[in-house]
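**Q**
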Amino acid sequence: MVEPPSDSGTQGITGIFARPYIDLAPYLDLAPLGEIHDEICLGLTQVPIDYTGGSHRTMGIMPPSRLGEALADYGEVIRGLGDEEFATFQRLSDDPSAIDRSARATLEFGEEREIPLSRRQMLWLKFRHGVYFPWKVYVELIPNRYWSDKSRSEGKDFTRLARSFFPKTIAYVKRLPFSSIGRCNIMGLEANDHGTVHRDGEGEGARGEGDRGVEREPDHFITLCPAGDKRLFLWDERARRKTAVAGRAYWFNDHDYHGVEADPFFRYSVRIDGTFTPEFIEALRRDHGRAAGGVAEAAMEAGGAPRDGEEAAA
1228 MVEPPSDSGT QGITGIFARP YIDLAPYLDL APLGEIHDEI CLGLTQVPID
1278 YTGGSHRTMG IMPPSRLGEA LADYGEVIRG LGDEEFATFQ RLSDDPSAID
1328 RSARATLEFG EEREIPLSRR QMLWLKFRHG VYFPWKVYVE LIPNRYWSDK
1378 SRSEGKDFTR LARSFFPKTI AYVKRLPFSS IGRCNIMGLE ANDHGTVHRD
1428 GEGEGARGEG DRGVEREPDH FITLCPAGDK RLFLWDERAR RKTAVAGRAY
1478 WFNDHDYHGV EADPFFRYSV RIDGTFTPEF IEALRRDHGR AAGGVAEAAM
1528 EAGGAPRDGE EAAA
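The sequence shown begins at 1228 in the numbering used here and counts up by one.
Pasting the structure below:
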């Protein structure tokens, strides 16, 4: 995820084609999602599970009004470790030799950082220091190291484990309207966990490279929710209002703030990043490209509402 400028935190919902998000059900065959759900639930019992998230506040991608939701942030925790605890943290790395304790002030750990966290480090940060990792089920079907490369397919493919345990999922993903795919993963939240509100890049005002006054097209991706029970919402920091994202397949502007409601059961989604086919993006523009009304009005039509009276007045 790209860290935005520090002064760009207060924003509304930019959306896509004057809509807060696009329900892709009319464009995709969702009939296979039932058997894909069965496959994923079984497959998750057979493969190594990672965590992700846990440093959104340190990364500077949370809205000012919701910074407290990050609870213990591992970027802050690691910076505050004493020498003895840092030595423990180093020993738990998959490659302790890659961590130079004498240069620890310059080292960065975790997602989008120089040194990834090992599974053991994440568990220790959780158990010993109370770090909150929102997505405690994270499986990369097509691995991607850096956020800026997520739409590029060169040199990437589905992993051997993915092909072994998620063949129906892979076959379905390959039929989606992408000309190239650079990233595909399963992201799940444990019962009662919430997805901290964050954005994946610069918010409104982001421009295309070299363009002045021209809005950059949102990154191309599809989110699949086979069970249909993950309650994603977009967050309007300016109005302090949520807009619920409904459906089992959708595209939203991930430079808008977004989060996931807590529920008393496990929830997951599959996210596929890449480049849409010209025909698909043209169909979306044709059907949703109206400018009338704007995103704020469309968000209210889509069910945007304050979470409670306190939040509306914040």
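Glycine included, every Cβ here is placed at the ideal spot set by N, Cα and C.
Closest by CA to M1286, which one among P1445, D1500, G1428?
**A** G1428
**Q** Determine the direct distance from the alpha carbon of D1277 to that of V1366, and round the result to whole angstroms.
**A** 6 Å
**Q** Note down the Cα distance separating R1346 from G1337, rounded to an integer number of angstroms.
**A** 11 Å
**Q** Could you round the C-beta distance between T1450 and S1496 to whole angstroms and report it? I think they count as a contact, below 8 Å.
**A** 5 Å
**Q** For G1501, which beta-bridge partners are listed by DSSP?
**A** I1408
**Q** Rounded to a whole number of angstroms, what is the C-alpha to C-alpha distance between S1406 and V1304?
**A** 41 Å
**Q** With distances taken Cα to Cα, identify the nearest neighbour of I1369 among I1499, D1300, A1510, L1319.
**A** I1499
**Q** Considering only DSSP beta bridges, list what Y1278 is partnered with.
**A** None; Y1278 has no bridge partner.
**Q** Residues in the same chain with beta-carbon distance under 6 Å from D1535, minus the five sequence neighbours each way, listed in chain order, please.
**A** At D1535, the pLDDT of 42 sits below 50, so the modelled position is not reliable; the number obtained from the coordinates is stated separately. Same-chain partners within the cutoff: there are none.
**Q** Following the continuous beta strand (DSSP E) through T1285, name the residue where it begins and the one where it ends.
**A** Per DSSP, T1285 belongs to no beta strand (DSSP E); it is in the alpha helix (DSSP H), 1283-1286.
**Q** Here's the rule: buried if 16 or more other CB atoms are within 10 angstroms of the residue's CB, otherwise exposed. What is Y1373?
**A** exposed
**Q** Return the CA-CA distance between E1506 and S1320, expressed in angstroms with no decimal places.
**A** 46 Å
**Q** Counting along the chain, where does the beta strand (DSSP E) carrying I1249 start and finish?
**A** Note, I1249: beta strand (DSSP E), 1248-1250.
**Q** Return the Cβ separation of I1240 and L1459 in integer angstroms, given the expectation that the two are a contact with Cβ distance under 8 Å.
**A** Between L1459 and I1240 the Cβ distance is about 13 Å, and since that is not below 8 Å, they are no contact.
**Q** Which whole-angstrom value is the C-beta distance of G1270 and F1393, which I expect to be below 8 Å?
**A** 5 Å
**Q** In angstroms, rounded to a whole number, what distance separates the CA positions of K1469 and L1294?
**A** 16 Å
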